[in-house]
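Per our numbering: the sequence shown = residues -5 to 365.
Here a beta-carbon is modelled for each residue, glycine too, at the ideal position from N, C-alpha and C.
Just so you know, these numbers come straight off a predicted model, no measurement behind them.
Please read the structure below before turning to the comments.
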Amino acid sequence: MPAGCQEYASADGGSSAALRHVVYPPYWCSTLGRRNAILLDVLGLSAEESLAYRELVGVPSTTPAELAARVGVKRTAALRLLSALEQKGLAARSGEDTTRFVASRPSVALGAMLVERQNEVRLAELELGSLDEIYRAAAADRAAADVVDVVEGKAGIRRRFEQLQLAANDEVMTFITAPTAVISAAEHTVEDEAVARGVRYRLLFERAMLDDEPGTYDQIAGAAAAGEQIRVTDSLPLKLLIVDHELALVPIGSAESPAEGALLVRKSGLLDALEALFEAEWSRGAEIVGSAGQIGEIAPDAIDDVDAQLLSLLLAGLNDKAVAYQLGTSLRTVQRRVSHLMDLARVETRMQLGWQAARLGWSPSSSDTSR
-5 MPAGCQEYAS
5 ADGGSSAALR
15 HVVYPPYWCS
25 TLGRRNAILL
35 DVLGLSAEES
45 LAYRELVGVP
55 STTPAELAAR
65 VGVKRTAALR
75 LLSALEQKGL
85 AARSGEDTTR
95 FVASRPSVAL
105 GAMLVERQNE
115 VRLAELELGS
125 LDEIYRAAAA
135 DRAAADVVDV
145 VEGKAGIRRR
155 FEQLQLAAND
165 EVMTFITAPT
175 AVISAAEHTV
185 EDEAVARGVR
195 YRLLFERAML
205 DDEPGTYDQI
215 AGAAAAGEQI
225 RVTDSLPLKL
235 LIVDHELALV
245 PIGSAESPAE
255 GALLVRKSGL
265 LDALEALFEA
275 EWSRGAEIVG
285 SAGQIGEIAP
295 DAIDDVDAQL
305 LSLLLAGLND
315 KAVAYQLGTS
325 LRTVQRRVSH
335 LMDLARVETR
345 MQLGWQAARL
355 GWSPSSSDTS
365 R
């Protein structure tokens, strides 16, 4: 929440007029911020005005002194806030006592502001479309050297990485290799917003990520549960992000010669080559799932979620130790589960288990591999 993520609440949790100042823990801040977003971001009120208005709508009327006591500010500051709300049509002076202020009905006062903002957004959308057309026309005349832009520094790469995903409309394709020095797993939260908009995600992980990077499987399972398609392959030649078949982000440096920078590749023969590289590597990857429900089993009750996770990791080439590490269990438990699966499939070797798992619909390879 803006202004230090703090609010004011009744000291006894009820309707008492005695209030205490509350500073919320950090993990509450995002929730409070979303709750006040319509007042702060959408309608353009300051954090202080938002707080004052919320207090005002909860009482029949108030004076500057009373509001000052409720929100913990000086009387002059409270008067300034009430005057600002009055100018914006959110408050009015009482007819019986002009020293007291009453709140305007939110559905009327805020509704008018909201309509005004919606009109501004529509105009902005029209201008954005016009600017995009101008940009596309200019892009068609770019020289060969203009096909690639240079993004400098870790901060620049992180910012462009987020911008590209937030602007995605169709599909995001990416190679994820170790180490994730610039874009960590914790910084992939923009994926959630894109997936919620219906953007298709295809993520190809280098197997070393599952061997060496803690928490990688938890990240994969969460992404798979959200509808993203995940595969693992032995090795990848580079890190790569392709968005909507129009832009790609590629690191400048290599494993032998690291450098803090990236290339932003626009639509061109080079981008076509990068897309072809992605599709070739994707076709060789092994799909990873987070639950039995994601593999389209022929016999839905044949295996549980942990069995499905274990099988997908084994088929991706991980050894028992790495599987146990990623699933947060013991090596002995992994081996016992593999033995159980072999008995269930009526096979003698792990190679036979892989073949039989595909035939019985227990593995991701039995799903639609054309995705």
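Do residue 301 and residue 331 have their beta-carbon atoms positioned less than 8 Å apart in this structure? Along the sequence shown, one-based indexing puts residue 331 at 337. Along the sequence shown, one-based indexing puts residue 301 at 307. Going by C-beta atoms, residue 331 is nearer than 8 Å to residue 301.
Residue 62: first and last residue of the uninterrupted alpha helix (DSSP H) it sits in: Taking the first residue of the sequence shown as 1, we reach residue 62 at position 68. Where residue 62 is concerned, the enclosing alpha helix (DSSP H) stretches over 58 to 65.
So the alpha helix (DSSP H) residue 70 belongs to, where does it begin and stop? As a working mapping, residue 70 is identified with position 76 in the sequence shown. Per DSSP, residue 70 belongs to the alpha helix (DSSP H) from 69 to 81.
Segments of 4+ residues assigned as alpha helix (DSSP H) that fall wholly inside the stretch 183 to 264: DSSP runs (the alpha helix (DSSP H)) wholly in the stretch 183 to 264: 184 to 190, 201 to 206, 210 to 219.
With DSSP collapsed to three states, give me the class of residue 164. Mapped onto the sequence shown, residue 164 falls at position 170. In the three-state reduction of the DSSP assignment, residue 164 falls in the coil class.
Is residue 164 near residue 212, with beta carbons less than 8 Å apart? Numbered from its first residue, the sequence shown carries residue 164 at position 170. Numbered from its first residue, the sequence shown carries residue 212 at position 218. No, Cβ-Cβ distance for residue 164 and residue 212 is not below 8 Å.
Taking buried to mean at least 16 other C-beta atoms within 10 Å of its own C-beta, is residue 233 buried or exposed? Translated into positions along the sequence shown, residue 233 becomes position 239. That one is buried.
Do the stretch 88 to 104 and the stretch 43 to 56 make contact, defined as three or more Cβ pairs closer than 8 Å? The stretch 88 to 104, when compared against the stretch 43 to 56, does touch it at the 8 Å Cβ threshold.
Judging by CA-CA distance, which residue of 151, 322, 315, 338 is the nearest neighbour of residue 257? Along the sequence shown, read from residue 1 onward, the residue named residue 257 stands at position 263. Of the candidates 151, 322, 315, 338, the one whose C-alpha sits nearest the C-alpha of residue 257 is 151.
Delimiting residues of the beta strand (DSSP E) encompassing residue 340: Along the sequence shown, one-based indexing puts residue 340 at 346. Residue 340: not part of any beta strand (DSSP E); DSSP gives it neither H nor E.
Just grab the DSSP bridge partners of residue 87 for me. The count along the sequence shown starts at 1 and reaches residue 87 at position 93. 95.
For my contact list, residue 336 and residue 236 are in at a C-beta cut-off of 8 Å; report their separation, rounded to the angstrom. Sequence index remark: in the sequence shown, residue 336 carries index 342 (1-based). Sequence index remark: in the sequence shown, residue 236 carries index 242 (1-based). Taking a contact as a CB-CB distance under 8 Å, the pair residue 336 and residue 236 does not count as one, their CB atoms being some 40 Å apart.
I'd like to know whether the C-beta atoms of residue 160 and residue 189 end up nearer to each other than 8 Å. In the sequence shown, residue 160 corresponds to position 166, counting from 1. In the sequence shown, residue 189 corresponds to position 195, counting from 1. Not in contact: residue 160 and residue 189 (Cβ atoms no closer than 8 Å).
Simplified DSSP state of residue 145, which is helix, strand or coil: Here residue 145 refers to the residue found at position 151 of the sequence shown. In the three-state scheme derived from DSSP, where H, G and I count as helix and E and B as strand, residue 145 is classed as strand.
My output table needs one value for residue 280: the three-state DSSP class, helix, strand or coil. Numbered from its first residue, the sequence shown carries residue 280 at position 286. The three-state reading of DSSP puts residue 280 in strand, counting E and B together.
Assuming contact is defined by CB atoms lying nearer than 8 Å, are residue 85 and residue 76 in contact in what I supplied? Position 91 of the sequence shown, counting from 1, holds the residue named residue 85. Position 82 of the sequence shown, counting from 1, holds the residue named residue 76. Yes; because the gap between Cβ atoms is below 8 Å, this pair is in contact.
Expressed to the nearest angstrom, what Euclidean distance is found between the alpha-carbon atoms of residue 83 and residue 47? Along the sequence shown, one-based indexing puts residue 83 at 89. Along the sequence shown, one-based indexing puts residue 47 at 53. Approximately 11 Å between the Cα atoms of the pair.
Measure the beta-carbon distance from residue 162 to residue 193 and round it to whole angstroms, keeping in mind my assumption that it falls under 8 Å. Locating residue 162 in the sequence shown gives position 168, counting from the first residue. Locating residue 193 in the sequence shown gives position 199, counting from the first residue. Yes, residue 162 and residue 193 are in contact; Cβ-Cβ is about 5 Å, under 8 Å.
Which residue marks the beginning of the alpha helix (DSSP H) containing residue 298, and which one marks its end? Here residue 298 corresponds to residue number 304 of the sequence shown, with the count starting at 1. Counting along the chain, residue 298 falls outside any alpha helix (DSSP H), and DSSP gives it neither H nor E.
Give the DSSP bridge partners of residue 170, in chain order. As a first step, residue 170 is located in the sequence shown; it is residue number 176 there, counting from the start. In DSSP, residue 170 forms a bridge with 199.
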